[in-house]
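These protein sequences, in sequence, are chains F and D.
One point on numbering: in our numbering, the residue at position 245 of the first sequence is 245, and numbering is uninterrupted.
One point on numbering: in our numbering, the residue at position 60 of the second sequence is 1060, and numbering is uninterrupted.
Even for Gly, the Cβ is constructed at its ideal location relative to N, Cα and C.
Because the structure is a prediction, the values reported are computed rather than measured.
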Amino acid sequence: MRYIDEYRDPDGVRRLAEEIGRATGRAWTIMEVCGGQTHAIVRFGIDGLLPEGLTLVHGPGCPVCVTPIEIIDRAIGIASQRGVTLCSFGDMLRVPGSGKDLLRVKSEGGDVRIVYSPMDALRIAEANASREVVFFGVGFETTAPANGMAVYQAARRGVKNFSMLSAHVLVPPAMEAILSSECNRVNGFLAAGHVCAVMGYEEYEPIAARHRVPIVVTGFEPLDLLQGVLLCVRQLEEGRAEVENPYSRVVRREGNAEARRVMGEVFRVIDRKWRGIGMIPRSGLGLAEAYAEFDAEARFGVGGVSVEESGECISGLILRGLKKPVDCPAFGSRCTPERPLGATMVSGEGACAAYYKYRRHEAGPAGGRNNG
Amino acid sequence: MVEGANFSMSCPIPIREYPTVQMAHGGGGRLMHDLIGKMFRAVFKSPLDRGHDGAVIDSGGGRLAFTTDSYVVRPLFFPGGDIGKLAVCGTVNDLAMCGARPLWLSAGFILEEGLPMEDLWRVVRSMAVAAEGAGVSIVTGDTKVVDRGHGDGIYINTAGIGAVAAGIRIEPSRVKAGDAIIVSGDLGRHGVAILALREGLEFGCSIESDCAALGGVVADLLRCGAGVHCLRDLTRGGLVGALVEIAETAGVGIEVEEAAVPVSEPVRGACELLGMDPMHMANEGRMVSFVSAECADAALAALRGHPEGAGATVIGKVVAGPTGRVTLISRIGSRRILDMLSGEQLPRIC
């Protein structure tokens, strides 16, 4: 298949892996930012091809994982109300809130629906004028423009029974937060290719300069990932700290101007709490003043809901690259996809889910299959 | 109402986590597997339980296979089939997977008030055509109508009986290290066709369900002799679900070569786009066969002699262990586990 097979070519993989081996002189830690990259790395066994001393750690780039538990509880609160239809992407439905998840609300009679596009939620609203239709908007810069477009169109078409629960987050502030942490061990980043397709990579240039870290815009196929690692290692070995873009088949420096325009109109930058990490200033998107009437938190009066995380879940450390899923004592025993403690175990992009799915037999006795 | 010791034990499905039945309890993944294993099988304690698609009964004069399945597919009509064809083929296939020659089916209809009679007529005619093609007769049935809003148009339950010829023993316990693993054709068509239709997804080309009866192709395969050890159709849960179940039941390990697993370009493209895995997608006319290594060439030839098995190919082999584990050897040579999904396969977020 075009655009897939050529980037999974076994000979190419071998050649790049050897080149990385030759280029690596010292021990380095590189973080892949995006959960999609984490899954590809674990699925294809990319980390196993790297020389000793070169460590990949998994970043915070899973929007489902970093959505704070209180926003899940707010979504559950909204979905449990009569006359409400709550729409979201499939991943979100399995993420545990403090008491239950959205799939459980559905099985208890709530009208919770999986949609593939936020525009589907808007269509549901237009077709069901007597119901309040809420879209649970989650995602990084990749999904924000499309989610924003649903609100933009709702305003244009005068759809009054549509609103959005916004849990959008931004990548660069999270990278800054990781780099500014005292226990940071990240020497370089593989930036998230799809986020950069929307935003471009100008905004990473000051981060690379200020923190002296190389940032390489990276795709999601085996050759993309190895190419990203190779360029990152070369920069580190040569003492450079630049933004490079080998993913030029998808990403331009300025990104997608139209998508950025819609985002800029519909959203405003706000402080945002990240699940497992805490408050990061100016790291989220809320609805802009002009679109405030579409804010589901205000419409349903759930803005005050606030709860604490499970004490045992170490997803915060995992999302900052300080621990790996197999370091968690609950991994595979008290925490499984069927009974998750945290979102990283259920999301399609969560690091714990990737380890559970592809390599939990490497985790020792605690990581064995849970038949209990 | 059964009372007594068995029912004083606590419910085997943890009520704290799942106080209500969820869609995933029927999704073909780990939750459904647990529900069946820990609740139904544990309580009903079938003396015939071999971890198989149907029960094989020794009737004195010969052995019979007996199975049942319910069909709730939405939409009722889809490219490559409809709920009626599915209800015949699915139960025929469950009998064939027991090594039986499918003979008789029952048909139970639960119809929703307001269903267009024309739709019912189309479904019933389709069942008749499918039954004739599969060489089975529909010999008994039942009809109920429920209030509007309490059903999705038509639900169909079919039960089936087939005859198992002398000397045929097809079951998971016969799977041995060294067996070749053969799939009968490309994977994922039914799941992608239904998903595309249900969600209004368009992939620039039509993907037809693989819905088909496998009785004929299995009959030819069984002529290869005692080297045919186990058969399983690849319905909900897909290839991975079937392989994991058999690895766990037979106490063996399984290795699959990713490059050998047949998937058509349109299905692969749709799955890439949605973040789904064709090896987890449902099929309705595909099966996996476990045959001894010596028998593999003859089995392939037998399968390829039928349109339903024209794309048959060896995808891997059975190994001694670790028991219960299915391992995928990727195109780039790395190894990873294949496991049942927790519940249903959900599309990714970005």
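Along the stretch 1326-1338 of chain D, the positions whose C-beta sits under 8 angstroms from a C-beta of chain F are Ser1330, Arg1331, Ile1332, Gly1333, Ser1334, Arg1335, Arg1336 and Ile1337, read in chain order.
Secondary structure of Glu203 of chain F (DSSP, three-state): helix. Ranked by Cα distance from Pro325 of chain F, the first of F:Arg299, F:Ile71, F:Tyr355 and F:Glu349 is F:Tyr355.
Here the stretch 1240-1257 of chain D makes contact with the stretch 1319-1330 of chain D; the two share three or more CB pairs at distances below 8 angstroms. Against Glu108 of chain F, the close residues of chain D are Thr1020, in the order they occur along the chain (beta-carbon pairs closer than 7 angstroms). Leu1273 of chain D: member of the alpha helix (DSSP H) spanning Glu1265 to Leu1274, first to last residue. Counted as a single uninterrupted DSSP element, the stretch harbouring Leu1234 of chain D is not any alpha helix (DSSP H), since DSSP gives it neither H nor E. Around the beta-carbon of Glu293 of chain F, fewer than 16 other beta-carbon atoms lie within 10 Å, marking it exposed.
Pairing Arg1074 of chain D with Leu1195 of chain D, the inter-Cα distance amounts to about 10 angstroms. The C-beta of Glu1199 of chain D comes closer than 8 angstroms to at least one C-beta of chain F.
In this structure Phe331 of chain F is buried. Its beta-carbon is surrounded by 16 or more other beta-carbon atoms within 10 angstroms. Proximity of Gly1275 of chain D to chain F, defined by a Cβ-Cβ separation below 8 angstroms, is satisfied. Chain-ordered, the chain F residues with CB closer than 8 angstroms to the CB of Leu1031 of chain D read Glu338. Within the stretch 267-312 of chain F, the runs of alpha helix (DSSP H) at least 4 residues long that lie entirely inside it are, in chain order, 296-300. In the same chain as Asp1186 of chain D, and ignoring 5 residues on each side of it, the C-beta atoms closer than 6 angstroms to its own belong to Pro1262, Val1263, Ser1264 and Gly1311, in chain order. Residues of the stretch 1288-1308 of chain D with a C-beta less than 7 angstroms from any C-beta of chain F: none at all. DSSP places His58 of chain F in the strand class (E or B) of the three-state scheme.
Shown here, Met31 of chain F sits in a strand according to DSSP, grouped into three states.
Residues of the same chain with a CB within less than 6 angstroms of the CB of Tyr1155 of chain D, apart from the 5 flanking positions on each side, are Val1072 and Ile1110 in chain order. When the Cα atoms are used, Arg26 of chain F and Ile1332 of chain D turn out to be separated by approximately 26 angstroms.
Ala1242 of chain D and Ala1055 of chain D have their alpha carbons spaced roughly 17 angstroms apart. Under the 8 angstroms criterion on CB atoms, Arg1232 of chain D is classed as non-interfacial with respect to chain F. Contact between Val243 of chain F and Tyr201 of chain F holds: CB atoms are separated by about 5 angstroms, below the 8 angstroms threshold. The residue from F:Val95, F:Thr55 and F:Ile46 with its alpha-carbon nearest to that of Tyr358 of chain F is F:Ile46. Close to Pro222 of chain F, with beta-carbon spacing below 8 angstroms, are these residues of chain D in chain order: Ile1332.
Restricting attention to beta strand (DSSP E) runs no shorter than 3 residues, the stretch 1083-1133 of chain D encloses them at 1100-1112, ordered along the chain. Spanning the alpha carbons of Asp1094 of chain D and Val1183 of chain D requires a straight line of approximately 16 angstroms. At a beta-carbon threshold of 7 angstroms, none of the residues of chain F lie near Gly1090 of chain D; the nearest stands roughly 25 angstroms away. According to DSSP, residue pairing for Asp101 of chain F in a beta bridge does not occur.
Of the candidates D:Val1088, D:Cys1224 and D:Ile1337, D:Val1088 places its Cα closest to the Cα of Gly1133 of chain D. In summary, Ser1209 of chain D is buried, with 16 or more beta-carbon neighbours lying within 10 Å of its beta-carbon over all protein chains present. For Arg1268 of chain D, the closest Cβ of chain F is nearer than 8 angstroms. Between Ala192 of chain F and Asn245 of chain F, the alpha-carbon positions lie close to 11 angstroms from each other. By the beta-carbon neighbour count (other beta carbons within 10 angstroms, threshold 16), His1150 of chain D is exposed. The beta carbon of Arg299 of chain F sits closer than 7 angstroms to those of Ser163, all from its chain and outside the five residues before and after it, given in chain order.
Going by DSSP, Arg234 of chain F is part of the alpha helix (DSSP H) stretching over Pro222 to Glu238.
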